[in-house]
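Visitor: In my numbering, the protein residues as written are 141 to 608.
Even for Gly, the Cβ is constructed at its ideal location relative to N, Cα and C.
#1: Using the C-alpha atoms, what's the distance from residue 408 back to residue 335?
#2: I need the straight-line Cα distance from residue 560 to residue 587, nearest angstrom please.
#3: How is the beta strand (DSSP E) around residue 203 delimited, first residue to last?
#4: Using C-beta distances below 8 angstroms, list every residue in its chain close to residue 422, excluding the 5 sequence neighbours before and after it, in chain order.
#5: Quick one: give me the first and last residue of the beta strand (DSSP E) that residue 343 is part of.
#6: Buried or exposed for residue 272, please, with buried defined as at least 16 other CB atoms from any protein chain shown within 10 angstroms of its CB.
#7: Any idea if residue 600 is buried or exposed, counting beta-carbon neighbours within 10 angstroms, 16 or more meaning buried?
#8: Counting only beta-carbon atoms, is residue 235 nearer than 8 angstroms to chain C?
#9: CB-CB under 7 angstroms to residue 481, same chain, minus the five flanking residues each way: which ones, in chain order?
#10: For residue 457, I'd like the list of residues in its chain whose CB is within less than 6 angstroms of its CB, leaving aside the five on either flank, ordered along the chain.
#11: Taking all protein chains shown into account, do 16 or more other C-beta atoms lie within 10 angstroms of the C-beta of residue 204, making it buried, or fewer, making it exposed?
#12: Relative to the C-alpha of residue 487, which candidate in 448, 471, 474 has its C-alpha closest?
#13: Report yes if the CB atom of residue 389 is closer than 8 angstroms to the CB atom of residue 246, and no otherwise.
#14: Can you give, in chain order, each stretch of the beta strand (DSSP E) that sits fully within the region 195-265 and has at least 3 residues?
#15: In whole angstroms, give me the CA-to-CA distance for residue 327 and residue 161.
#16: Just the C-alpha distance for residue 289 and residue 154, rounded to the nearest angstrom, thanks.
#17: Helix, strand or coil, according to DSSP, for residue 455 in the structure here?
#18: Tell whether a beta-carbon distance below 8 angstroms holds between residue 463 and residue 180.
#19: Fully enclosed by the region 444-510, which alpha helix (DSSP H) runs are 4 residues long or longer?
#20: Between residue 276 and residue 461, what straight-line distance do the alpha-carbon atoms span, to the nearest angstrom?
#21: Using C-beta distances below 7 angstroms, list every residue in its chain close to residue 495, excluding the 5 sequence neighbours before and after it, in chain order.
#22: Pick helix, strand or coil for residue 192, following the three-state DSSP scheme.
#23: Can the beta-carbon of residue 542 be found less than 8 angstroms from the beta-carbon of residue 566?
#24: Looking at the structure shown, is residue 185 part of a helix, part of a strand, or coil, going by DSSP?
#25: Determine the contact status of residue 468 and residue 187, defining contact as a CB-CB distance below 8 angstroms.
#26: Select from 594, 572, 584 the residue whose C-alpha is nearest the C-alpha of residue 320.
#27: In or out: residue 519 buried (at least 16 other Cβ within 10 Å) or exposed?
#28: Use the C-beta contact count for residue 513: other C-beta atoms within 10 angstroms, 16 or more gives buried, fewer gives exposed.
#29: DSSP state of residue 512, grouped into three classes?
#30: Can you grab the Cα-Cα spacing for the pair residue 594 / residue 580, in whole Å?
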């Protein structure tokens, strides 16, 4: 049901004008899509043949393979789903048998490490375990800056071509199976764990200094302080310190959680701990044969299968990705050129809705509920909202660990713009640090600056008088 404010916004324009915009807009979109189909079809044998191959034989049309991320995900989908079924079976069997929390966590950690070995190879898993151990050791020093130095340096080093080649030689063929995507998400999860754990260690050290010498009183004080803490980064299953065995198992499960390990979505460790705690506690009280939300999960998975097939079908007809990567782009008509940009954005959204959606829905069997799905970009007119609602997990991560610690909007407009600049620098380096990414991030930052100045102007006395 619309709120009064939302209804007022919709009724500002007369109905005939809104219908005019809808009709003209939708017809313009479909006509531009038609131009991409016609011109792409005309060029497919002369300019696009290298990126087009047969896939669905009954369509008798070539398929656009140039979106490497989607193509790679589809190639690995069968293995991914099989391993996810093993993960789900392990989780549900341990739930039905009412294993203790420690046994369930331990079983899932071992299962997920085994699944990752099957998916990437043991070298990659050992490599990732060593990274995790390094971050744990640094976080035990209680230094948030140390975490950022270690992982920030790794992000920068990974933008050096020579380092990537050396890593390819060490890792081997696994680099062709989503290794770098998994590594990117691993780094974010290690930052989330490392920063939270360093803050917890530092707080525990401060609590020890102010406690009375009595050992009994000291232990009681620790427990009281931990129970009274309301910040999410200190939520554990037991409420004890970070040396607790369950805390370690939670951490390993978070970092190596298989359904979302390869391509996301990202979730902060505090939210993951809280959801696992709630889910496991509920399972101990009244375990059922299937999770109560099983039907809802299956319905959502069927919806995602539809959109996956829709995208596969569309790539047999709309070669926007191949056109965008080809020099023939400058020969397209104006309508076709517009459609290439529009289709790239729309199908980018569908791609991540499907990839994030599968991982998110499969995780719900463990009680790990995903953040909201990417919002349709056609309904977003503010680029600030694009960052806020497209990838909610990444947005929450950036807000928690970068934007707010740097001051955010609490210290005025200049501080807000400076914090946003650091955020876009991080995004640029984390995505690979290429020239095209630099241009993309600069464009994003510029648009956000314009929006923030616009908001500041609107809230000024002059702006309020003009708006009213």
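Guide: This is what the structure gives:
#1: 11 angstroms
#2: 11 angstroms
#3: 202-204
#4: 507
#5: No beta strand (DSSP E) holds residue 343; the alpha helix (DSSP H) holding it covers 319-350.
#6: buried
#7: exposed
#8: The displayed structure is made up of one protein chain only, and chain C is not part of it.
#9: none
#10: 177
#11: buried
#12: 448
#13: yes
#14: 202-204
#15: 45 angstroms
#16: 56 angstroms
#17: coil
#18: yes
#19: 460-464, 474-503
#20: 41 angstroms
#21: 213, 403
#22: strand
#23: yes
#24: coil
#25: yes
#26: 572
#27: exposed
#28: buried
#29: coil
#30: 21 angstroms
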